[in-house]
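Read in order, the letters of the sequence shown correspond to residues 50 to 251 in the working numbering.
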Amino acid sequence: MGASDELPFACKCGSVTGVIEHANPQEGDRVVCHCVDCRDLVRHLGQEARVLDDLGGTDLYQSRCARVRLQSGRDKLASLHMTEGKTLRWYASCCQSPLFNTYANGRVPYVTTLLANTDADKRDILLGDPIGHVFPEQATGDASNLPELSFARLMWRFFRRMLKDLSSGDRRRSALFDARTLEPIAKPRHLTLAEQEALGRA
């Protein structure tokens, strides 16, 4: 039995499992992101019904990199760049479940967990309600009544946690990056032209 503040997660088929340690509003930020890239990742993996809300938003928890602990399925992890940017998207190759967002390598230590892979009741108890909605202008419907959280404010909140990871050495204890090289444990790939065209991006 895990600690009372551990939030378990699992991919759709149950092959990839783990926990977020010290899951609470002080150790991370629960937000809903409406950006096109988050939504297109879910569309690319065919997981819209399971992950996206009515306005195309993705429920996320951004926390310190060492807080995510894998219990099984490390060999099932895959990673993908949706664009030429630095955001790396992680998913379970066994069932196409989107799992995490990170920087391209462990040098910028953060991990954002997709909360669709967690128990709804427990995540609400541990994390509370989302503190805001990021990029509501990219929502698929009228998001004018949603409480907006600016990306700049979210990054400021992340910056304070990043300093802790850098000073403590926790960035080298990430489950998703090699402790020595800080490179991702699953070699990233980029969307092919055909995959971009299927999403209407090309």
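Glycine included, every Cβ here is placed at the ideal spot set by N, Cα and C.
Do residue j and residue i have their beta-carbon atoms positioned less than 9 Å apart in this structure?
i      : j      : result
Gly155 : Arg220 : yes
Pro237 : Leu129 : yes
Ser141 : Arg99  : A small fix is needed here, since residue 141 is Ala in this sequence, not Ser. Contact flag unset, no.
Asn150 : Val160 : yes
Glu76  : Ser112 : yes
Arg92  : Leu248 : yes
Cys62  : Cys114 : no
Leu240 : Arg229 : no
Leu203 : Asp102 : no
Tyr152 : Thr136 : yes
Leu198 : Pro147 : no
Phe200 : Phe184 : yes
Among the residues of its own chain, which have a CB less than 8 Å from the CB of residue i, if the five just before and after it don't count?
i     : result
Thr66 : Pro57, Phe58, Ala59, Cys60, Leu119, Gln120, Ser121, Gly122
Pro74 : Leu176, Gly177, Ile180
Ser64 : Ser121, Gly122, Lys125, Ala141, Cys143, Cys144
Spatial neighbours of residue i within its chain, please: CB distance less than 7 Å, with the 5 preceding and 5 following residues excluded, ordered by chain position.
i      : result
Phe226 : Asn154, Gly155, Glu232, Pro233, Ile234
Thr132 : Asp86
Gly105 : His83, Arg88, Ala188, Thr189
Lys171 : Leu56
Tell me the residue span of the beta strand (DSSP E) that contains residue i.
i      : result
Gln120 : 117-121
Phe58  : 56-59
Gln111 : 107-112
Asp78  : 77-82
Ser128 : 126-130
At a cut-off of 8 Å, would you count residue i as near the ligand HEM, judging by its Cβ distance to the nearest heavy atom?
i      : result
Thr241 : With respect to the ligand HEM, the structure shown offers nothing to examine, as it has no ligands at all.
At the level of alpha carbons, what is the spacing between residue i and residue j?
i      : j      : result
Ser223 : Val81  : 23 Å
Arg138 : Ser193 : 28 Å
Asp108 : Gly95  : 17 Å
Ser216 : His71  : 19 Å
Gln245 : Asp124 : 26 Å
Arg116 : Asp168 : 18 Å
Ile174 : Gly218 : 30 Å
Ile69  : Glu97  : 23 Å
Thr162 : Glu186 : 22 Å
Met50  : Leu212 : Reliability fails at Met50, whose pLDDT of 43 lies under 50, so the model's placement of it is uncertain and the value that follows must be treated cautiously. Distance between the alpha carbons of Met50 and Leu212 is about 31 Å.
Trp205 : Gly134 : 20 Å
His182 : Asp191 : 13 Å
Tell me where the alpha helix (DSSP H) around residue i begins and ends.
i      : result
Ile69  : Segment 66-69 is the beta strand (DSSP E) holding Ile69; no alpha helix (DSSP H) there.
Arg206 : 200-217
Ala247 : 242-247
Ala98  : 97-100
Leu90  : 85-93
Please go through the same chain and pick out, in chain order, the residues whose beta-carbon is closer than 6 Å to the beta-carbon of residue i, but skip the five residues on each side of it.
i      : result
Arg27  : Any property of residue 27 remains undetermined from this structure, which presents the chain solely from 50 to 251.
Asp214 : Arg113, Cys114, Pro158, Arg220
Ala127 : Tyr140, Ser142, Ala235
Of all the alpha helix (DSSP H) runs that stay within the bounds of the segment 151-189, which reach a length of 4 or more residues?
169-176
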